[in-house]
Structures are given as structure tokens and as C-alpha cells.
Amino acid sequence: MTYSKTNPNQLKYLSSYTLEIQNNIRTMVEQDTLGSFLLKKHPKTHDINNDKMLREYVMNLKNTHLRKSSPLSKVIYDKKIHVVNNALGLHTFISRVQGSKLKSKNEIRISEIFKTAPEAFLEMIVVHELAHIRIKPHDKAFYQLCQYMLPDYHQLEFEMRVYLTQLELKGDIY
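Quick note: the sequence shown uses this note's numbering, first residue 85, plus one each step.
Structural data, given as C-alpha cells:
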């Protein structure tokens, strides 16, 4: 994909940020410095590259911050989840009737994009999905819980959106 200043969708991951921020990122894309900016902030990726390791990682965060919350039945990387679908991770809550009881299961699915991303971005998306166990809508309480679990949550969300922009416009940097 080639970059074009006239295409308003070029910075779709940053559309909710100020025009000044978007212009700064646009300039970095044009000067081909966005990748080096990201590498300076996040010089390496993580080694959490399979579902078993991801489950251990998620459970560690869950047990640290949300010990008394509902259990997780499944944690996986999902190749079907992609930013095109406007999702990077999914938290699903499934209720089933089994006999006379209602059984519920919580599942977290993380986009495979995060297999090769910096750990800070993986942590940010995991925290986001874990917060959905307690709070379903994206409201003030939800984001307060995200910040409780990860104090620099909002900064990391911004940097992850910059990373997605880099991936889409210029390709991977790692």
C-alpha cells in the first residue's frame, strides 16, 4: 500500500486524536522515521508465541489484578481477528444451560498481530480484554480499571495505534 496525503483513511487508527498529533505522525510516515521512533521506544518483541504461553501470561496478569473475577476457560491467539474487523482482541462471555444449571464461560482471544509485537502492546491489549471481565462497556469505569492494571495504558494504546499505522503503511519494523 502506498501512502497518500489525500486519503483520509491513511491514519484510521489515529482518527480520534488531534489534528496536530495526526500531522506529526503523517510527517514521520513521509520522512520514513516512524519505524525508528517505535524501535527507540520498544526495541524488541516478546517470546510469548503460542497459546499455552499466552494463557500463562494472561493468567498472571489476571491473578495479580483481578483475583476474584470470573475464571477464564480459554485464552488463545486468533488468526481470524484482525484490525480490519475493528478488533485486536475479543472477550466473549458464553452462557449455556446444562441440565438445571446455567454455566458461563469467559474467553479471551488476541489477534495474531501481537505474536510479533512489543510486549508492552500485548500487555495493553490483554489488560483491555481482562477489564471486560468486570466491565462490559467502554466507559469511564472501564478505562479507570485499565489504568489501575496498567498505569500508562493510554500512552501504550496510542503507541500501539502508531505501530498499527506503521504496519499498514510501511510494514513490520522487527
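Using N, Cα and C, we set each Cβ at its ideal position, and we do this for glycine too.
With fewer than 16 other Cβ atoms from the protein chains shown falling within 10 Å of its own Cβ, Q228 counts as exposed. Of the candidates L95, R218, K254 and H212, the residue whose Cα lies closest to the Cα of P235 is H212. For L156, the enclosing beta strand (DSSP E) covers residues L156 to D162. Among the bridge pairs identified by DSSP, I109 is matched with none.
For I217, the uninterrupted alpha helix (DSSP H) segment begins and ends at E203 to R218. In this structure, the CA atom of D223 is about 25 Å from the CA atom of S157.
Annotation for H130: A201, P202, E203 and L206 place their beta carbon closer than 8 Å to its own, counting only its chain and skipping 5 residues before and after.
The Cβ neighbour count for M208, taken over all protein chains shown within 10 Å, is at least 16; the residue is labelled buried.
L103 and R245 have their C-alpha atoms roughly 15 Å apart. In this chain, the alpha helix (DSSP H) harbouring H238 covers Y237 to L253. Shown here, N133 sits in coil according to DSSP, grouped into three states, outside any helix or strand.
Close CB contacts of F121 within its chain, under the 8 Å cut and outside five residues either way in sequence, are with M112 and V246 (chain order). Around the C-beta of Y232, fewer than 16 other C-beta atoms lie within 10 Å, and the residue is accordingly described as exposed.
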